[in-house]
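Numbering (my numbering), first residue to last: 9 to 126. All remarks here apply to the structure that follows.
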């Protein structure tokens, strides 16, 4: 059973930073692409970023490029999302995903709330 557990969400002022973590189990993490999605109230879930198994390839949504950074530690089976220069429009539930595409993923975490106040 694949289990993805996110942590690190919270309330932050605009311009601040947060780092999300996602601990994975039940899959061969070293072989798995990983990613982050988010869903704001009243909106559809959207792709944020992904990273391939050896960290050599990353992709970002246009709205977060230059502000967010995805990374992974295969020894810890953990993927991270460093979020800087946060904006109120970044407010959403952030979901960790395993084996993602730009639209969906095979496995999902339970989500962590990120709220950015203006």
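Backbone N, C-alpha and C fix where the C-beta goes; we use that ideal spot for every residue, glycine too.
Less than 7 angstroms between C-beta atoms, sequence neighbours within five positions excluded: which residues of the same chain meet that for residue i?
i          : result
residue 38 : 61, 82
residue 99 : 48, 122, 123, 124
Using a threshold of 7 angstroms, state whether the C-beta atoms of residue i and residue j are closer than that.
i           : j           : result
residue 73  : residue 22  : no
residue 106 : residue 35  : yes
residue 54  : residue 120 : no
residue 91  : residue 76  : yes
residue 56  : residue 124 : no
Is residue i helix, strand or coil by DSSP?
i           : result
residue 107 : strand
residue 62  : coil
What separation, rounded to the nearest whole angstrom, lies between the Cα atoms of residue i and residue j?
i          : j          : result
residue 52 : residue 84 : 31 angstroms
Hey, quick one: how far does the beta strand (DSSP E) through residue i stretch, first residue to last?
i          : result
residue 14 : 11-15
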